[in-house]
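Here you go:
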């Protein structure tokens, strides 16, 4: 069985190429060597041979210290089920390397353990001093050590991942007792739910932890400070306008841009919610752009009142669910996001050596499904998105940066940027985009990345309308081998409140055009109210203004001055603040005045002519009477 440790695993991406070192969470395997009285085995009935040789009870204590170091203690009680079988030694294999102070006691007597460390794995084995022989005889021993692989501190949040016991016919009962420091924040998530909670002590037992790891997250919000570099060049003989993708807001993520140097000409949003900053480059010009930002990650996704378009159900060259490989009965029965997630995380197998064997290319989902035993994170994502869209669930790909506290993986990111891909789907009942990670579900063999996402996923680009565009940060290399993405956890940072300035642009027919400038580095999505006055109607609408961006609104004119123009003040309420701008409404146009004058003159002439006519008729009538 593949083991895993607390290490989080990533895609390494040189522009278009990606590689990934996988997080593996430890599966703990217990191995006992047996001595058997062979003379007696010959007369055993078959039923006796099928019995478990021992009933083994495990009590495992995890004591988390303020520093994050975890003291682990296994208290193991083994009862013989057979009179002719007894254990002579015991072994424990875990996929952790950062362990120390190993101590083994056999019935209270210290035992020297044999410890072997290899890449991401430690094996502890020892002989028993006590030879416990006889049916129903009990044998108790303990294993203790300290590790920094169980508990990870990221900024102001803590994540705990407790390994599972491998299924074993000898395991009769298991109990896990987790104790955390009292200063820890309230848990945002614990899976499975503990049987008992006593202050800062959590008790787990029974079937709910059978062959299942325990995950817990303490703290509901995490902040990261980041620095991004983009390298642009214009190799054309004429000026060009190009754009870069800035990290966007998502249902989990809020971004505060502290500074963008040089400032873009404008920042626009696309239909997926990407932030695209536009720049013009002269022929042969090179431009380096530096972005300083803060990212806030929330554990609970925010709802949205923007419904996904039908384009997020469409097939294309990458999410090609019209391929015949998707027509099997097994795939036709996948209807819910959870069933698709389970299928993808179980069916595909992460290939750690794939990127060393070949230059990676973006494989269509059908090809990823066919070559399911040689997959990387984009393959997991492609298959999920294709199957979700096929079943009528809007889905798209996220590309971003994943965070690891394991030093064994840090060299991978010293000279290049480490990126990861994972999908999200739209949950209609929650009116929210839900991010999941089937890749990590596969590599961790038991960690739940469907019902919760950790605080280690920062989105750099959203791919929904187009599976290849925009290019995320880290992909604007200009031929350079450089590290352009830096993120580090930080304590809570207060984001600024959006600040606006207004400018009257012009009158257009029966509307006034008012430009609203967002002077802050945070997005504003909320209500806008324009006060009614003598000249303009009341306005009440929702508006989306990107950081450092402009939006134009229309205020409807009540009446048009006839003879001469007027000036007045428009009052706008945004984000709880009051803003004013002057405006002018011109008089009716000169052409309209001419037409009105001609019309008036003709009316007067017509009236005068009719008046004279009737007067003469009256005079004639009087004369002939």
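Numbering (the UniProt record's numbering), first residue to last: 1 to 625. Positions of the beta carbon are idealized from the N, C-alpha and C atoms, including for glycine.
Asked, Found
"Give the straight-line distance between the Cα atoms of residue 224 and residue 534, rounded to the nearest whole angstrom.", "49 Å"
"Provide the residue(s) that pair with residue 287 in DSSP beta bridges, ordered along the chain.", "232"
"Helix, strand or coil for residue 380 per DSSP?", "helix"
"Do you know offhand how far residue 93's Cα is from residue 115's?", "10 Å"
"Can you tell me the Cα-Cα spacing of residue 332 and residue 524, whole angstroms?", "42 Å"
"Please confirm whether residue 195 and residue 252 have their CB atoms less than 8 Å apart.", "no"
"Under the rule that 16 or more other beta-carbon atoms within 10 Å means buried, what is residue 549, buried or exposed?", "buried"
"Note down, in chain order, each residue of its chain lying with its Cβ closer than 8 Å to the Cβ of residue 303, except the 5 sequence neighbours on either side.", "251, 430, 431, 432"
"Would you identify the three-state DSSP class for residue 319, choosing helix, strand or coil?", "coil"
"Can you check whether the CB of residue 222 is closer than 8 Å to the CB of residue 627?", "Any answer about residue 627 is impossible in this case: the structure gives the chain only from 1 up to 625."
"With DSSP as the reference, label residue 163 as helix, strand or coil.", "coil"
"Please identify the residue among 324, 317, 312, 387 whose C-alpha is closest to the C-alpha of residue 336.", "387"
"Sorted by chain position, which residues of the same chain lie with C-beta nearer than 6 Å to residue 188's C-beta, five sequence neighbours on each side aside?", "217, 220, 299"
"Which residue comes first and which comes last in the beta strand (DSSP E) that contains residue 140?", "138 to 147"
"Just to confirm my understanding: we take residue 573, look at its own chain, exclude 5 residues before and 5 after, and list those with CB closer than 6 Å. What are they?", "529"
"Opposite residue 542 in the DSSP bridges: which residues?", "527"
"So, does the CB of residue 540 fall closer than 8 Å to a CB anywhere in chain D?", "Annotation note: the requested chain D is absent from the structure, which comprises a single protein chain."
"Can you tell me which of the three DSSP states residue 92 falls into?", "strand"
"Apart from the five residues on each side of it in sequence, which residues of its chain come closer than 7 Å, Cβ to Cβ, to residue 564?", "587"
"How about residue 395 and residue 512: do their beta carbons lie closer than 8 Å?", "no"
"Residue 241 by DSSP, collapsed to three states: which one?", "strand"
"In angstroms, rounded to a whole number, what distance separates the CA positions of residue 21 and residue 240?", "Low confidence applies to residue 21: its pLDDT is 31, below 50, so where it sits in the model is not reliable, and the reading given next is rough at best. So the alpha carbons of these two residues sit roughly 38 Å apart."
"If we ignore side chains and look at the alpha-carbon of each, how far apart do residue 288 and residue 397 end up?", "27 Å"
"What's the gap between the Cα of residue 294 and the Cα of residue 145?", "38 Å"
"Within the continuous alpha helix (DSSP H) that includes residue 443, where are the two ends?", "438 to 444"
"Can the beta-carbon of residue 443 be found less than 8 Å from the beta-carbon of residue 504?", "no"
"Would you decide whether residue 72 is buried or exposed? Buried here means 16 or more other CB atoms lie within 10 Å of its CB.", "buried"
"Taking only three categories from DSSP, how would you classify residue 206?", "helix"
"Under the rule that 16 or more other beta-carbon atoms within 10 Å means buried, what is residue 257, buried or exposed?", "buried"
"Which one of 255, 277, 270 has the shortest CA to CA distance from residue 261?", "277"
"Could you check if residue 272 is buried or exposed, using at least 16 other CB atoms within 10 Å of its CB as the buried criterion?", "buried"
"Going by beta carbon distance, what residues of the same chain come within less than 7 Å of residue 557, once the five residues before and after it are set aside?", "510, 511, 512, 535, 536, 585"
"In the DSSP assignment, the beta strand (DSSP E) including residue 214 goes from what residue to what residue?", "214 to 218"
"Go through its chain and collect everything with a Cβ distance to residue 531's Cβ below 6 Å, but skip five positions before and after it.", "571"
"Taking its Cβ as the centre, do 16 or more other Cβ atoms sit within 10 Å of residue 308, making it buried, or is it exposed?", "buried"
"Is residue 448 closer than 8 Å to residue 149 when the C-beta atoms are compared?", "no"
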